[in-house]
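Before any comments, here is the structure.
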Amino acid sequence: MAPAMGLKQGAAAGAGAAAAAAQTVTLSAPAVRDAVRAAVREAEATAAKATAPAAARVPATAAVPAEIARDGVLCLEEVDGRRWSYVVDAAGAAVKAKGRASVGGAFKAVPLQSPLPPVEEIMSFIRSYVVPEGFPESVTPSYVPYMTWRAMKHFFGGAMGVFTTRTLLNSVGVSQSRAASGAVAINWILKDGAGRVGKMLFARQGKKFDYDLKQLRFSGDLLMELGAGIELATAAFPQLFLPMACIANVVKNVAAVTSTSTRTPIYKAYAKGENIGDVTAKGESVGNIADLLGTGMSILISKSNPSLVTSFAVLSCGYLLSSYYEVRSVVLNTLNRARFTVAVDSFIRTGYVPSLKDGNSQETIFNPPWRHEPVAIGSRFGEAFQEPASFIAIKPLFEDERYIVTYNPTKDKVYALLKDQAKPDDILKAAFHAHVLLHFINASHANLNARKRMNANRSYQYNPLNMDFVPHIEESCKIVMSSYGVFKKKAREQGWIMSESLLNPGRARLCGVVPQ
Numbered sequence: 001m002a003p004a005m006g007l008k009q010g011a012a013a014g015a016g017a018a019a020a021a022a023q024t025v026t027l028s029a030p031a032v033r034d035a036v037r038a039a040v041r042e043a044e045a046t047a048a049k050a051t052a053p054a055a056a057r058v059p060a061t062a063a064v065p066a067e068i069a070r071d072g073v074l075c076l077e078e079v080d081g082r083r084w085s086y087v088v089d090a091a092g093a094a095v096k097a098k099g100r101a102s103v104g105g106a107f108k109a110v111p112l113q114s115p116l117p118p119v120e121e122i123m124s125f126i127r128s129y130v131v132p133e134g135f136p137e138s139v140t141p142s143y144v145p146y147m148t149w150r151a152m153k154h155f156f157g158g159a160m161g162v163f164t165t166r167t168l169l170n171s172v173g174v175s176q177s178r179a180a181s182g183a184v185a186i187n188w189i190l191k192d193g194a195g196r197v198g199k200m201l202f203a204r205q206g207k208k209f210d211y212d213l214k215q216l217r218f219s220g221d222l223l224m225e226l227g228a229g230i231e232l233a234t235a236a237f238p239q240l241f242l243p244m245a246c247i248a249n250v251v252k253n254v255a256a257v258t259s260t261s262t263r264t265p266i267y268k269a270y271a272k273g274e275n276i277g278d279v280t281a282k283g284e285s286v287g288n289i290a291d292l293l294g295t296g297m298s299i300l301i302s303k304s305n306p307s308l309v310t311s312f313a314v315l316s317c318g319y320l321l322s323s324y325y326e327v328r329s330v331v332l333n334t335l336n337r338a339r340f341t342v343a344v345d346s347f348i349r350t351g352y353v354p355s356l357k358d359g360n361s362q363e364t365i366f367n368p369p370w371r372h373e374p375v376a377i378g379s380r381f382g383e384a385f386q387e388p389a390s391f392i393a394i395k396p397l398f399e400d401e402r403y404i405v406t407y408n409p410t411k412d413k414v415y416a417l418l419k420d421q422a423k424p425d426d427i428l429k430a431a432f433h434a435h436v437l438l439h440f441i442n443a444s445h446a447n448l449n450a451r452k453r454m455n456a457n458r459s460y461q462y463n464p465l466n467m468d469f470v471p472h473i474e475e476s477c478k479i480v481m482s483s484y485g486v487f488k489k490k491a492r493e494q495g496w497i498m499s500e501s502l503l504n505p506g507r508a509r510l511c512g513v514v515p516q
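Residue 22 in full-length UniProt numbering sits at position 22 of the sequence shown, and the numbers go up by one each step.
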């Protein structure tokens, strides 16, 4: 039998969630979906006046308070140690937005520090490529001497590689002319050098190798096949050998970075105890044996002179199919964004959290860059809000939380803004709240589309603002208040690690917004 869960409901209709007298209604866990849908219908009824003129739709709480109107400051925001102040922009209040007046004025971001000197900007850019995020606090003291000597080793190795490559080319009879062999060697080194530059640039992905290792691993294998295809194309365009070989090497080295960076976390998921080194060694041994067998088979097949394009197409399909099922078979007990989305969606629909195996099997492996992400965590204030009035309206709802959740209809995205005191559990709760609100928004869109179809023969224009979704946010607060603890409990029972999530939030934090 499913455990019971409490749902807070306001006793007075239309009252704010923070001020409403609460009455506890006991629901079974599978009834979460019905409770959310009922709350959506109630919110839709409250928001039925959405089609009225903009000025008439602004509730009393939406007016900018006198103290904010005087000072003009909405909130402070910090990103990577630099602060911004968001202030009411009276001049922007009269600006028309998509044919509608801007409700509750406008705002602008004002930096509180002078711009960084060019030297500091350059050093910050370099640090983003050569040291881990959070350095030096994120690593042990011995990291610096280790990397210093490692850099020296690679310096001498790279220098020595020029001479060894030139000697090898001479040995196979490329040319006995010193000038010719030197030119060929330099071209070859340039090709390899371009690949190393690509590897270095992609290293800026940083913690994504920990957060989205399955997605990056599969994307890396796609890039590996792309690089192999470019290498094969050099046979058709020999006059473009060097630029094409450089591009291919850049792509393949980026793929190599993803493979190397994600290998250890994957092996760690299979190791029990202190045998990660042994598991890694045996895993690499299996890979080398399979590689040698594949090389031998390819040599035998190549003797019959098969079609190069056909052979590449068949082998690439086999490679990518194997890669897909390789990463699909990895079972991780941490919650990144993809697995968290699966877990929360299942909980909202059914009241149950999927097992580790089911949650991993439903995880989206390939995310194309153009795919729309409906939830953003740790975003900046200016991305989340359209007008000051909406921030003022929902701010009281989150006085006791270390985050604020809202929906921006112009971007069709739910935003979870984190306060500067936010801890890992607060980030997890903010993400959970964002997905609950997204469920409300999707139901609201379905109802809106139905209304549009009913009014198909009439003139129907509706350009929503943040303010239009305040009732949804209020109702989502009630759902989260009663269901978040149940979600965490059921997730732990299924084996998910809840003490530390891999949701990769943005770096922006709201300052001076202190929970009560």
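Cβ atoms here follow ideal geometry from the backbone N, Cα and C, with glycine treated the same way.
Item: C-beta contact flag for I404 and S501 at 8 Å; Value: no
Item: Cβ separation of S379 and Y415, assumed to be a contact under 8 Å, to the nearest whole Å; Value: 5 Å
Item: Distance between R402 and L437 (C-alpha atoms, nearest Å); Value: 17 Å
Item: Runs of alpha helix (DSSP H) wholly within the UniProt domain "Root UVB sensitive protein C-terminal" (353-505) (minimum 4 residues, chain order); Value: 356-361, 381-384, 388-394, 424-454, 470-493
Item: Cβ-based neighbour list, C511, same chain, cut-off 6 Å, excluding 5 preceding and 5 following; Value: L76, E78, D420
Item: Residue range of the unbroken alpha helix (DSSP H) whose run includes L293; Value: 276-302
Item: Run of the beta strand (DSSP E) containing E111, from where it starts to where it stops; Value: It should be noted that the sequence gives Pro, not Glu, for residue 111. Unbroken beta strand (DSSP E) run through P111: 106-111.
Item: Residues of its chain near G220, where Cβ-Cβ distance is below 6 Å and the 5 sequence neighbours each way are ignored; Value: A255, T258, S259
Item: D80, buried or exposed, once every other Cβ within 10 Å from all chains shown has been counted against 16; Value: exposed
Item: Backbone CA spacing between A236 and H372 [nearest angstrom]; Value: 38 Å
Item: Test item: CB-CB of N408 and A384 under 8 Å; Value: yes
Item: Distance between N504 and M498 (C-alpha atoms, nearest Å); Value: 15 Å
Item: CA nearest to the CA of A422, picked from I230, E399, I441, V139; Value: E399
Item: Backbone secondary structure at N305 - three-state DSSP; Value: coil
Item: Neighbourhood of P354 by C-beta distance below 8 Å, restricted to the same chain and skipping five residues each side; Value: V342, A343, S346, Q362, Q494
Item: Three-state class that DSSP yields for L335 in the structure shown; Value: coil
Item: CA-to-CA distance, V314 to N336, given in whole angstroms; Value: 33 Å
Item: As assigned by DSSP and simplified to three states, the class of L226; Value: helix
Item: Assigned exposure category for M224 - 16 Cβ within 10 Å defines buried; Value: buried
Item: Coarse secondary structure for S322, derived from DSSP in three states; Value: helix
Item: Residue span of the alpha helix (DSSP H) that contains E137, given as start and end; Value: Here E137 belongs to no alpha helix (DSSP H), and DSSP marks it neither H nor E.
Item: G296 beta carbon near the ligand ZN (any heavy atom closer than 7 Å); Value: Among the components of this structure there are no ligands whatsoever, and the ligand ZN is therefore not found.
Item: Distance between beta carbons of I377 and G431, contact taken as under 8 Å; Value: According to the sequence displayed, residue 431 carries Ala and not Gly. Confirmed, about 5 Å.
Item: Element boundaries [alpha helix (DSSP H), containing residue 519]; Value: This structure does not reach residue 519, given that the chain is present from 1 up to 516, and the question cannot be answered.
Item: Integer-rounded CB distance, given that L112 should sit under 8 Å from P388; Value: No, P388 and L112 are not in contact; Cβ-Cβ is about 19 Å, not under 8 Å.
Item: Bridge partner(s) assigned by DSSP for Y86; Value: C75, A109
Item: Per-residue DSSP class, three states only, for R509; Value: strand
Item: Three-way DSSP call (helix, strand, coil) for S128 in this model; Value: helix
Item: Length of the line joining the Cα atoms of A151 and V144; Value: 11 Å
Item: Simplified DSSP assignment, three categories, for P115; Value: coil
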